[in-house]
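Heads up, the thing below is written out as structure tokens.
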Amino acid sequence: MINLYPLLIIAVVLFIVLNLAAGLIWVERRLLALWQDRYGPNRVGPFGLGQVLADSVKLFLKEDWIPPFADKGVFILAPGIIVATAILSFAVIPLAPGFVVADLNIGVLFLLAMSSLGVYSVVLAGWASNNKYSLLGGIRASAQMLSYEVFMGLSLLGVVILAGSFRLTDIVEAQRKVWFVIPQFPGFVLFLIAGVAETRRLPFDLAEAESELVAGFHSEYSGMKFGMFFVGEYIGVILISVAISLLYFGGWLGPVLPPGLWLAIKTMTFICLFILMRAGLPRPRFDQLMSWGWKYLLPLALLNLLVTGAVVLALS
Amino acid sequence: MATIYIENEAREADGSQNLLHVLLSLGYDVPYFCWHPALGSVGACRQCAIKQFRNEQDKAGKIIMACMTPAADGTRVSIKDPETVEFRAAVIQGLMQNHPHDCPVCDEGGECHLQDMTVMTGHCARHYRFSKRTFRNQYLGPLINHEMNRCIQCQRCVRYYRDYAGGHDLNAFRLRDVVYFGRFEDGVLENEFAGNLVEICPTGVFTDATLKRHYTRKWDLQMAPSVCVHCAVGCNISVGERYGSLRRVINRYNHQVNGYFLCDRGRFGYEFVNSGDRIRDCLVNGEPSDSLAAAVSKLETLVRETRCIGIGSPRASLESNFALRQLVGPDHFYAGVAENEWSATLTALDLMRNGPATSASLDDVEHCDAVLVLGEDVTNVAPVMALRLRQSVRQQPIQTAKKLNIPLWLDHPVRELVQNEKGPFFVAAPYATKLDEIATEVIRAAPDDLARLGFAIARAIQGGPPLPGLSSELSTFANRIAEVLGSASSPLVVSGTSCRSAAVLNAAAQVSHALSQIGKPAKLAFCFPECNTVGLRLMKPRSLSEAFQAVRDGQADTIIVVENDLYRRASKEDVEAFFNRARHVIAIDHLKNQTTEKAELVLPAGTFAETDGTLVNYEGRAQRFFQALVPSGEMRASWRWLDADFVPEIHPDKRGWRTLDDIVSAIALEIPELADIGLAAPSRSEFGKVAREPSRYSGRTSMLANISVHEPKPPQDPDSALAFSMESGPQPPPPPLNPFFWAPGWNSIQSVNKFQSEIGGPLLGGDPGVRLIEPEERGGWNFAGIPSAFEPNPDSWLLLPCFHIFGSEELSQRAPAIAELAPSPYIAVNTMDADQLGVSSGNLIKLSVSDSIHELPVSARPDVPRGVVLIPIGLPGVAGLTLPAFGKLAPASAMQGVTK
Amino acid sequence: MLSLVRSLWEVFRHGFHKRVTVQYPEEKPYLAPRYRGRIILTRDPDGGERCVACNLCAVACPVDCISLQATEDETGRRYPEFFRINFSRCIFCGYCEEACPTYAIQLTPDFEMGEYNRQNLVYEKKDLMVDGPGKYPDYNFWRVAGVAIGGKDKGQAENEAAPVDLHSLLP
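Protein chains in written order, with the working numbering: chain P, 48 to 363; chain D, 729 to 1628; chain W, -3 to 167.
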């Protein structure tokens, strides 16, 4: 007999992630409005929540247009990749003790691998659109990923050294005494920056850059294909937020409240931080982005790793 | 040439001119009111004040009037000098002191010289606190509207009307700041060039009364360069359309042809285009055709299956006549012109080609210094030529001014010097003409006698033996004329087909030949009654009587009449017989008339305002007119109908003359004499795009919104570079394609200054039109065909045509304003003849010519030669009389007595 | 780097500010009398049509959405035979009002003109005319213009002297 428990977990994880991703459209718009002294969507349903439904219906019903000059196969494939990789990453994310699809012993690596695969989506979309703005967006995305991927992994290694494991459950459990954000504060900051860059959100949305590139890599996309880029981006936001919570803020650990709720609260806080950054920060120039990545952040990450390693060695 | 310094910059200028003329020619903006290039300077308005400096060291200078100061070599002037700027602003403030707050409801608004000059000088607010003087307006007839409050007393109207156009009934009344320009009492302005007051008046005192009825601002008119179709002079006009109807005609300067002025027939005759009598859809047997396709297939069937003959028209374009000629074949192409007139036209054209005298352009006409008018009523047949002839009588007297070193532009001193002195101007015509008042001597005689007089003059010039049998009175008269013409430096002989007499034309040409023989550069000007008589002649059609004969002989089944009412060309009986004998009659025309009523198939043609085409004027100048309005219904150019293969809705793929350029080049290839007509205007491919609409054109997105809020695509014009659009190509349009004169800061018609190579000179880029007929020296000048003297015969009166500027022309008489001024039909006889007949003016008289009988009121006039009866040609009551003819006269009552 | 944190903080603080959005249509905004909304044609203080069909509004219109045709009544008073504004093109710039020499055309504080059918946005004279003088209660163009119309002869306008007697011999 097949064990139905993992399937149930998969179903629950998918349900939570996808709904949350859709709901984030509303959350983001309301929060942005809040910080800009506006209301945001408040007409459809209670608190404007119906806007989520209305938007998805709209996206589903829109004409599925593929430009005649596009590379059709790749053009269709690209939005699928981003959603698939983002969702796959959740396979290793434990939402509560034991509540995980696959508690791999190389969870962190899997997470990094999956989120890096997401860039293919952007690059392929930019390439397949056969449009100079899309292509520029795609090129920027790949360069940005390459630069920020490097120190993202390096910044995480401090956590791994402290926890002594790549397994996420182990990492969370290792924080019973103190959240890793304390010993690994520089690592946290670096991971946060790299995470924002990874999800290509403001201030690092140079692949999209409306003011320069129309809509960057997804200029030619419409309807549900565009919607998938959107959903992919929001899942990415959730993923990075969950990852930060798990890696640096003790995951589900916390008093009184049930573990799942603790993780949810922590995750939501970081999601809000993502949105606040969008509301408050300007987009850097591309050359600035690259020089920070390589000249400051990468050495900082290496330094952090070196110091962590030295301290751990010394203490042991 | 002289060098003058403007703002310390050396410029080359015409030293014989005044500073205003020179400054404007050089492109400077100097405000002015009383000066006009055709009228000269009087220094009345003080508006063109500028500063003159003695030399380079002189910093103070003195204020002078630019129009009154010669542009002598070394003159130093400044327009920008602050003192003069202030002076000019003060002058215009004074002029505007009594000007009413009328601009929004003034027809001149938007093209007002006063507005332009006020803006140019910077005056903007009235500071005078006291009341404005007002005047009562006068009724000046159906053509001109009077609003005297607006007057700024520049005097241009009266100077033009009295000094230039020779009118008598407009004058300045009263004094100081209450000078009034008007008539002695309300009434129609008598001068036939009164319409030019609309353009001469710098503001809205005299405005176009026909425009007022469907008023449109200049910026809202969709305009096109056109050529007047109301006589053979071929004045260049600019026509304006709005909301699908033709709104007005204004002058389009052409140095060689009309210069600054038009006649009232040309300016106000346009309203026939908007007539309710227009044919807008195809008619089959008088009923609207089921469909365009049905009408076209009927045309095609008749053309293909029956033997067709075509009747061309002297009022249709070359293109339309040519299309007909190609459709029926040159052998079956006939001229729809009255028989006698046609033979006179043939003679006239031969004489024009025979030379050595060249045919005179209107500019030549103005500058000749001795004129003989032989057998022509120029004012009523070719009005603008008469206006220019009026200026020619000044040529000899003003030589005195030249000798006294008075510059010719200094109008007042020159006129004081000339007084009433006039240069040699002889009028020999069958009846009194308006030009008689400027004539040195006038003689009135029947055409044969006029011809004899002409030959006698020619003989006297060449020193040959006098003509035998000429009365001593006539022969001394002939000798006097011969002497004067022989001593002139550029003599001109004017004649025409009005007498319908080849002898008169021959005699006129003989005079010019004789003058050439003694080494004078004589010129010749023949008047023709219709806009394309010369063009039709160059197509070499056969005569109308041959067409009648062809049908009588059963050689043709179908008659195609293009833009012609044959009932005006031949007697009713002949035309009826002609139509009845033919199995089918097809008429293509734009106005309903007797011919279209008779036709089995009527196809709607476009008028000059709705189509493109080429006309050849009296001197053989081919000029192109262009479409201003998009025709409604099924109307199209006659030549589009006649290329049976090409009616685009029916045969989208068929070959044919797809565009105007196609047919123009086809004509040039087919008819050697018309080889140059392509030069009349650039073809569509030669020039980018010219906007018909000014850049301020309004209402684009609203004018059709009542029909549908979705704006239609603008109409496309396959025929010319002109576009139904506000968008022009980068370069300024060449003169033949220029739809309107408009320059920055110069919204009025005075902006023509900016388009001339020199003020009053040719247009920049050359005057439009191409001369097709240049004389080639041929022999055969042997005084052939001298007719015998005319003998009055109480049993057989000679009927001669008498022309009226308003009424004689077919199209303009359908314009309401012109029709209002047309006389009612009459029969004119000599007073003594009237006495002998026992009738007096106003009585009815019965005229019988061959079979037809006309009963009309008689007009007893002293000027009609004995034995001659004048018939006002073209008026509705007397249409169909082929003149000249012989007929019987009897008082209406007596005739009735006889029949009883 | 710190400035970034500071701007984040400033933006965050805005979450506790009052919102500026006006909840139209429950809450109507205040519109000044000179607000540039729906265009109207007004009347003289004595009830006559103010528009004299001078075409200045039409020529001032940057989107060319005004068209009209001038005509005159039997007394010489000029008025538009038709006057049409295509509001589907109008950009409410107010140039027409600025250009109008008679205060006839005025923009009003009404912007609620939505239609389901674009054709309904084409307003003819009857849709534009109102029964009042609008923002300028006292002005009457014909009282200052020099042309004579019904009820106002030559010399009867403001600041005008009586018509000159041409037959007088006095200087």
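Using N, Cα and C, we set each Cβ at its ideal position, and we do this for glycine too.
Remember, it's a predicted structure, so these values are computed and weren't measured experimentally.
With respect to Phe1354 of chain D, Ala1044 of chain D sits apart: the two C-beta atoms are not nearer than 7 Å.
At a beta-carbon threshold of 7 Å, the residues of chain P lying near Gly11 of chain W are Leu81 and Trp82, ordered along the chain. Residues of chain W with a Cβ closer than 8 Å to the Cβ of Lys860 of chain D are, in chain order, Gly142, Asn155, Glu156 and Ala157. Spanning the alpha carbons of Pro1257 of chain D and Arg1352 of chain D requires a straight line of approximately 19 Å. Here DSSP, grouped into helix, strand and coil, assigns Lys1441 of chain D to coil.
Those residues of the region 294 to 310 of chain P placed with their C-beta closer than 8 Å to a C-beta in chain W do not exist. Membership of Ile1209 of chain D in the alpha helix (DSSP H) is indicated by the continuous run Ser1200 to Ser1215. Between the beta-carbon of Pro167 of chain W and that of Leu903 of chain D there is about 7 Å, and that keeps the pair under the 8 Å contact cut. Secondary structure at Cys1036 of chain D: strand, using DSSP grouped into helix, strand and coil. Put simply, the backbone Cα of Leu286 of chain P is about 12 Å away from that of Phe321 of chain P. Contact of Lys24 of chain W with chain D by beta-carbon distance below 9 Å is absent, the smallest such distance being about 29 Å.
In this structure, Glu1028 of chain D lies away from Asn1475 of chain D, with their beta-carbon atoms at least 7 Å apart. Nearest to Thr1168 of chain D by C-alpha distance, out of D:Ala1179, D:Leu1145 and D:Ser1120, is D:Ser1120. Annotation for Tyr86 of chain P: no beta strand (DSSP E) segment contains it, and DSSP assigns it neither H nor E. Excluding the 5 residues flanking it on each side, Pro765 of chain D has same chain C-beta neighbours closer than 6 Å at Ile1487 and Gly1488, in chain order.
Chain W has no Cβ within less than 7 Å of the Cβ of Arg1118 of chain D. Listed as beta-bridge partners of Ser1087 of chain D by DSSP are D:Leu1252. Between the region 1275 to 1285 of chain D and the region 1305 to 1316 of chain D there are three or more C-beta pairs closer than 8 Å, enough to call the two in contact. Against chain P, the CB of Val126 of chain W has no partner CB under 7 Å away; the residue lies outside that interface. Distance between Ser292 of chain P and Ser269 of chain P, taken at the CA atoms: about 34 Å. Taking a cut-off of 8 Å on C-beta distances, the region 75 to 83 of chain P does not touch the region 157 to 176 of chain P, as fewer than three cross pairs fall below it.
Less than 7 Å divides the Cβ of Pro1553 of chain D from the Cβ of Val1606 of chain D. Interface annotation, Tyr756 of chain D: not in contact with chain W, CB-CB separation never under 7 Å. The beta carbon of Ser1479 of chain D lies closer than 6 Å to those of Phe1469, Trp1470 and Ala1471 in the same chain, with the five residues before and after it left out.
Val55 of chain W has a beta carbon lying at 7 Å or more from every beta carbon in chain P.
A Cβ of chain P is located within less than 7 Å of the beta carbon of Ser3 of chain W. Ranking D:Val1498, D:Pro1458, D:His1241 and D:Ala1327 by CA distance to the CA of Leu1343 of chain D puts D:Val1498 first. Contact of Leu0 of chain W with chain P by beta-carbon distance below 7 Å involves Leu328. Of the residues D:Thr944, D:Arg980 and D:Pro1593, the one whose Cα lies closest to the Cα of Gly972 of chain D is D:Thr944.
For Cys879 of chain D, the three-state secondary structure derived from DSSP is coil. With contacts defined by Cβ atoms closer than 7 Å, Trp1385 of chain D and Asp1371 of chain D form a contacting pair. At a beta-carbon threshold of 9 Å, the residues of chain W lying near Glu875 of chain D are Gly142 and Val143, ordered along the chain. Ala738 of chain D is not a Cβ neighbour of Ala730 of chain D, given a cutoff of 7 Å.
For Gly151 of chain W, at least one C-beta of chain D is nearer than 7 Å to its own C-beta. Residues of the same chain with their beta carbon placed closer than 6 Å to that of Met1560 of chain D are lacking, with the five preceding and five following residues left out of the count.
If you draw a straight line from the Cα of Pro1111 of chain D to the Cα of Gly1103 of chain D, it is about 15 Å long.
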